[in-house]
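Engineer: Structure incoming, see below.
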């Protein structure tokens, strides 16, 4: 949130925050909930602490449609994350055209994390980073900024950070969303009134 606010203060008109931490970023969401200059996108475990981040939480006032939540069930792995990225996040980001993407890079969705209940391997984060880096170039944004957040298994955290740093330099995966995933479809339906790319 601080990085996004700084970017806006330096003249950027649109900033995206992509949050892949296992916890929903309720504080970040609250700060920008009514601000159309900041697109907040969150992939998080649900039900889980702090209990926010439902698909119907899409923003308020001028910021309606600029909060994007895709809650996923415990045990979700790279296939579901890939579907959410390809089926929701990427279309919306392309339509929004951010000046920069700030990533809330928590690694507690790792399969070996002590706190979360997700099933991502370290290499998955590298593929996420490659995708975000490629998209940033595609829309003419600055290189993405990755801000370290959670992660409670030090070995998994170390491997995931290294994979993310390497992934920025690698070719992005060619992920497509085939449809039919309940969590993702609910998010698309909630956001379709605000984004042509989801209709």
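Residue numbers (this note's numbering): 1150 to 1348. Using N, Cα and C, we set each Cβ at its ideal position, and we do this for glycine too.
Apply the 10 Å Cβ neighbour rule to residue 1311 and answer buried if 16 or more other Cβ atoms are within range, or exposed otherwise.
Structural biologist: Exposed, because fewer than 16 other Cβ atoms sit within 10 Å of the Cβ of residue 1311.
Engineer: Near residue 1274, which residues of its chain fall below 6 Å by C-beta distance, leaving aside the five closest residues on each side in sequence?
Structural biologist: Correct list, in chain order: 1309, 1312, 1313.
Engineer: Take residue 1241 and list the residues in its own chain whose beta-carbon comes closer than 8 Å to its own, dropping the five residues that flank it on each side.
Structural biologist: Correct list, in chain order: 1188, 1190, 1217, 1340, 1344, 1346, 1347.
Engineer: So the alpha helix (DSSP H) residue 1303 belongs to, where does it begin and stop?
Structural biologist: First-last of the alpha helix (DSSP H) with residue 1303: 1303-1316.
Engineer: Any chance you could list the alpha helix (DSSP H) runs of at least 4 consecutive residues sitting entirely within the region 1227-1312, in chain order?
Structural biologist: Runs of the alpha helix (DSSP H) inside the region 1227-1312: 1227-1233, 1239-1245, 1271-1287.
Engineer: Just to confirm before moving on: does the CB-CB distance between residue 1164 and residue 1251 stay below 8 Å?
Structural biologist: Their beta carbons are under 8 Å apart, which means residue 1164 touches residue 1251 by this criterion.
Engineer: Would you kindly work out how many angstroms separate the C-alpha atoms of residue 1236 and residue 1325, rounded to a whole number?
Structural biologist: Cα to Cα, the separation comes out at about 7 Å.
Engineer: Using a 10 Å radius around the Cβ and a threshold of 16 neighbouring Cβ atoms, would you call residue 1303 buried or exposed?
Structural biologist: With fewer than 16 Cβ atoms within 10 Å of its Cβ, residue 1303 is classed as exposed.
Engineer: Ignore the nearest five residues each way along the sequence and tell me which others in residue 1162's own chain have a CB closer than 8 Å to its CB.
Structural biologist: Counting only Cβ-Cβ distances below 8 Å, and skipping sequence neighbours, we find 1186, 1248.
Engineer: Which full runs of the beta strand (DSSP E) of 3+ residues lie inside the region 1166-1223, going along the chain?
Structural biologist: The region 1166-1223 contains these whole beta strand (DSSP E) runs: 1187-1194, 1216-1221.
Engineer: Any idea what DSSP makes of residue 1330, helix, strand or coil?
Structural biologist: It is coil, neither helix nor strand.
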